[in-house]
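Residue numbers for the sequence shown, in UniProt numbering: 1 to 559.
Even glycine gets a Cβ: it sits at the ideal position worked out from N, Cα and C.
All of these numbers come straight from a predicted model, not from anything done at the bench.
Read the structure below first, then the notes.
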Amino acid sequence: MSDDRPWWRDAVIYQVYPRSFNDTDGDGIGDIPGIVEKLDYFQELGVDALWLSPVYDSPNVDNGYDVSDYRAIMTEFGTIDDWEDLIDGLHERGMRLVMDMVLNHTSTEHEWFQRARRGEDDYQDYYFWRESDGESPPNNWEAVWGGSAWEYDETAAASYLHLFHERQADLNWDNPTVREEIFDIVDWWLEKGVDGFRLDSINLISKPEGLSDTDEGEDPNGISVVANGPRVEEHLRALCERVHAYDDVVTIGETPDLTVDKARSYVGSETDSLSMVLNFEHVEVDRAEGGLRWEMREWELPELKSVIERWQTGLADDEWQGLYFNNHDQPRAVSRFGDDGEYRRESAKVIATLLLTLRGTPFVYQGEEIGMTNPRCDDLDGIRDVATRRTLAHAIERGEVSSFEDVKEDINRRTRDNARTPVQWTDGEHAGFTDGEPWLGVNDDYETVNVADAQADPDSVWHYYRDLIDIRNECSLLVNGEFELLAPDYESLFAFLRSDGDERALVALNFDEEATAIDVPESVLEGEFEALIGNYADETVPAVDEALRPYEARVYEQR
């Protein structure tokens, strides 16, 4: 790692969703001691930092993304002493901790909201309240998961704005007192030694002035209406100025509904704002236009390549992005972009190769490193994801579908539960996740897909991730080099160059179960290429002019 570059530019960050990671007390819910227990695991994999999904006190309407106390740890997860053990253990091993910070909204059980609804003057403007009769909402905005974005509160005799669940009330960032409260919270955690924040839905914090109805023909969905609002850049600069007053910290902005051009106003040395953004365009290539939350369409590789190229080439050297194909909100990538049957191992490695050879900071989500797949659920009672359940309920209410059975297949492909099944540590009961009854059912394939077996098999997905991370650490070209897409229209071949001066690396990926040639311009293949890695169990990686086998990945460095 270069001494004059921030650590996060060269890092690989591992996301922990604590509820599903590792349970040590037998209640079926992952906990912070369970993360501490696996610190050597992270180090062995080779990651540089953990992104910890919310562990703050919460009523758990949205699994912790509805915070009721930002300075307390949810008792299900442990104590502040357990958290101290976690950060100390990471720092002792040379790793860092990034906390997930939810600042667009709070739980309606938060003290601020409770005081606001009781009419205390100092708290009235912490949220967005409008006079209402409880029958007609103040405007036509819709919540992300369906229904009105307004909820009537009988105690307040008024309605409040919530872009997500009605128990997640949106904060009024235009109120300077609210901003100062938020800055005090981030100060509190920074004083405890955290190395940065992943900022949830952070480009939604500035609402349009007047909160008016959308115009006819415009999408009334809350994200479409609110994203990248009028004062968002101002608010982000103020927040990041406070955070970056501490040395060596990172700010990672989750930014839905973001274009490359808009991203340039959030990142880079000219903005004094975010360290990097997490965009959504590449994980929406299979989403049906204007459909329900889970409605999907067949994705096409040329479209995915086009999106990735746009983001790889559209940001300047000092403008940075996070890279991901899996997280707690997305289906498992191997089931989505690969083949979770015959070619599960190979296609998981193809996705890993793409992730770890692009320009940006890669994020690895728990279980991704062993090729975990989407589970199967044939009963609505087995679905725990509040977003899926709420969207379905509203769709039934509006007559868009009649029952779960009508959309079961789509839901199985899209529900957030896909990412949230417990990590599969062993082939034992409950996959070694817990001695109790897991809060969410374990995927049925745990007997063949688990960490213990993967670590024992040198050709496993786990070992491939570790090898790729090692190669990325040793080959600065893969971190800093420019990106050039090759063969953009090919339907199964994803090939690109990374270059830095005279140095070049060629990445060739086959996203199909049929063989495909590395059909790129002859000038690209001039010179000698040394194989850095391949995803088949060969003694030597095939030469660059040999066809790619089903879901084969190869990385070459030109000598």
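Buried or exposed: which applies to residue i, given that a residue is buried once 16 or more other Cβ atoms fall within 10 Å of its Cβ?
i: Met1; result: Summary for Met1: the model assigns pLDDT 46, below 50, so the residue's position carries little reliability; its value from the coordinates is reported in the next sentence. With fewer than 16 other Cβ atoms within 10 Å, it is exposed.
i: Ala316; result: exposed
i: Arg118; result: exposed
i: Arg5; result: exposed
i: Glu216; result: exposed
i: Pro438; result: buried
i: Thr448; result: exposed
i: Ala245; result: exposed
i: Asp155; result: This sequence places Thr at residue 155; Asp is not what is there. Thr155 is exposed by the Cβ-count criterion.
i: Glu92; result: exposed
i: Ile469; result: buried
i: Ser20; result: buried
i: Glu44; result: exposed
i: Trp425; result: buried
i: Asp153; result: buried
i: Asp385; result: buried
Give a yes or no on whether the C-beta atoms belonging to residue i and residue j are separated by under 7 Å.
i: Trp150; j: Ser136; result: no
i: Leu509; j: Ala547; result: no
i: Asp10; j: Val555; result: no
i: Val267; j: Glu319; result: yes
i: Gly89; j: Asp31; result: no
i: Phe404; j: Leu355; result: no
i: Gly371; j: Arg413; result: no
i: Phe363; j: Gly322; result: yes
i: Ser206; j: Gly229; result: yes
i: Thr388; j: Thr415; result: yes
i: Val307; j: His282; result: yes
i: Leu304; j: Val285; result: yes
i: Thr255; j: Val277; result: yes
i: Ser265; j: Glu233; result: yes
i: Asn140; j: Leu204; result: no
i: Pro375; j: Thr421; result: yes
i: Tyr126; j: Val178; result: yes
i: Pro521; j: Asn418; result: no
i: Pro54; j: Asp100; result: yes
i: Val102; j: Tyr65; result: yes
i: Trp189; j: His235; result: no
i: Tyr446; j: Lys349; result: no
i: Thr108; j: Arg167; result: yes
Grab me the residues of residue i's own chain with a C-beta within less than 8 Å of its C-beta, minus the 5 sequence neighbours each way, in chain order.
i: Val98; result: Ile13, Ala49, Leu50, Trp51, Leu52, Val194, Asp195, Gly196, Phe197, Arg198, Val250, Ile252
i: Thr302; result: In the sequence on display, residue 302 carries Pro and not Thr. Within the same chain, Pro302 has close Cβ partners Pro488, Asp489, Tyr490, Glu491.
i: Glu505; result: The identity of residue 505 in the sequence shown is Ala, whereas the question assumes Glu. Around Ala505: Thr357, Cys475, Leu477, Leu478, Gly481, Leu497, Arg498, Ser499, Leu532, Val555, Tyr556, Glu557, Gln558.
i: Thr391; result: Trp145, Gly146, Leu292, Arg293, Trp294
i: Asp467; result: Ile533
i: Glu298; result: Asp286
i: Thr540; result: Ala531
i: Phe337; result: Trp299, Leu304, Phe325, Ser347, Ile351, Phe511
Give every residue of the same chain whose Cβ lies closer than 6 Å to the Cβ of residue i, excluding the five residues on either side of it in the sequence, and list them in chain order.
i: Tyr123; result: Trp112, Arg115, Ala116
i: Asp340; result: Val334, Thr373
i: Glu76; result: Ile29
i: residue 632; result: Outside the displayed span of the chain (1 to 559) sits residue 632, for which this structure offers no information.
i: Asp27; result: Gly436
i: His110; result: Ser68
i: Ile87; result: Leu97, Gly193
i: Asp57; result: Ser68, Asp69, Ala72, Met74
i: Ile185; result: Tyr70
i: Trp129; result: Ala158, Tyr160
i: Phe529; result: Val544, Tyr556, Gln558
Leaving out five residues before and five after residue i in sequence, what residues of the same chain have Cβ atoms less than 7 Å from its Cβ?
i: Lys38; result: Asn22
i: Phe42; result: Tyr14, Leu50, Met95
i: Asp272; result: Arg237, Cys240, Glu241
i: Ser201; result: Asn104, Glu254, Pro256
i: Val423; result: Ser20, Phe21, Asn22, Gln366, Gly367, Phe433
State yes or no: is the beta carbon of residue i nearer than 7 Å to at least one beta carbon in chain C?
i: Asp489; result: This model lacks chain C altogether, as it is built from one protein chain only.
Ranges of the beta strand (DSSP E) found wholly within the segment 215-290, counting only runs of at least 3: 250-254, 276-278
Complete runs of the beta strand (DSSP E) confined to the segment 23-66 [at least 3 residues]: 49-52
Continuous alpha helix (DSSP H) assignments of at least 4 residues falling wholly in the segment 432-474: 451-456, 461-474
Beta strand (DSSP E) runs contained entirely in the segment 488-555, provided each spans 3 or more residues: 493-500, 503-510, 529-534
Alpha helix (DSSP H) runs wholly inside the segment 99-133, at least 4 long, in chain order: 111-117
Alpha helix (DSSP H) runs wholly inside the segment 335-392, at least 4 long, in chain order: 344-357
In chain order, each alpha helix (DSSP H) run of at least 4 residues that lies wholly inside the segment 293-338: 301-314, 333-336
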